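Engineer: Once you've had a glance at the structure underneath, I'll fire off some questions.
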Amino acid sequence: MDHVHTPDLPCPHSVQLFNWIIDGKLKAHIGGTYPLANAARAHADMESGETTGKLLLIP
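Heads up: the sequence shown runs through residues -18 to 40, numbered per our numbering.
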């Protein structure tokens, strides 16, 4: 799965976002990590509105 419909033609906005990430101007806030076995808990925490940032599932 690709983040754009035509993988060989990236969206200019995507290019800008990736450049910001590379330059350190844009960072993702990791709000928590969960073992994959606890995916249901991660989902419940996300739905509760008590989390901020991205939640990562670790296989």
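Glycine is no exception: its CB is placed at the ideal position from the N, C-alpha and C atoms.
Nothing here was measured: the structure is a model prediction, and the numbers come from that model.
1) On the three-state DSSP scale, how would you describe residue 40?
2) Would residue 37 and residue 14 be called neighbours here (beta carbons separated by less than 7 Å)?
3) For residue 12 versus residue 34, is the C-beta spacing smaller than 7 Å?
4) Please determine, among -7, 21 and 16, the residue with the shortest C-alpha to C-alpha distance to residue 39.
5) Apart from the five residues just before and just after residue 24, which ones in its own chain have a Cβ nearer than 6 Å to its Cβ?
Structural biologist: Looking at the coordinates:
1) Reduced to three states, the DSSP call for residue 40 is coil.
2) yes
3) yes
4) 16
5) none
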